[in-house]
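Single-structure report; data block below.
Residue numbers (the working numbering): 2 to 140.
Rendered as structure tokens:
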């Protein structure tokens with residue numbers, strides 16, 4: 002899907018009032034009158050692009066710390082909408098679950114799931130299971 006698809010059926014001309022970029026891997030050039038960047042974790046090399054935004058939002062104090070360290074920007078924190086008061090008790094099982102993205106970037110950065118699988122295979126007792134859940138990202 003090309004970038005022009007967003008506007009092909011629109012009768013709006015010029016810049017949108019608000020441009021929201023929710024991204025992790027790619028920071029687009031801001032296109033609105035007011036530009037908001039929501040980033041899960043910053044990459045140092047994206048500093049120049051991030052500085053073009055009017056506001057930066059992230060999901061945790063941890064990410065906010067690194068945004069300020071890498072980019073010199075004080076990000077607002079918008080915590081994920083999870084209601085921890087409505088926990089469901091469940092029977093404990095012998096399982097370890099890994100939930101993450103599956104990817105490997107050209108510079109070698111990855112979540113090392115291959116290492117985890119090897120370690121689980123070597124060290125987990127036979128009555129244990131390892132579950133890997135997530136989205137496959139191909140840059």
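Virtual Cβ for every residue (Gly too), placed ideally from N, Cα, C.
Exercise for the section: Please say whether residue 102 and residue 1 have beta carbons closer to each other than 7 Å? Expected result: The structure shown has nothing for residue 1, since the chain only spans 2 to 140.
Handout entry: Which of helix, strand or coil DSSP assigns to residue 56
Key = strand
Exercise for the section: State buried or exposed for residue 97, treating a residue as buried only when at least 16 other CB atoms are found within 10 Å of its CB. Expected result: exposed
Problem - residue 100 burial status per 10 Å Cβ neighbour count (16 or more: buried) - result: exposed
Exercise for the section: Grab me the residues of residue 129's own chain with a C-beta within less than 6 Å of its C-beta, minus the 5 sequence neighbours each way, in chain order. Expected result: 95
Handout entry: Neighbourhood of residue 64 by C-beta distance below 6 Å, restricted to the same chain and skipping five residues each side
Key = 42
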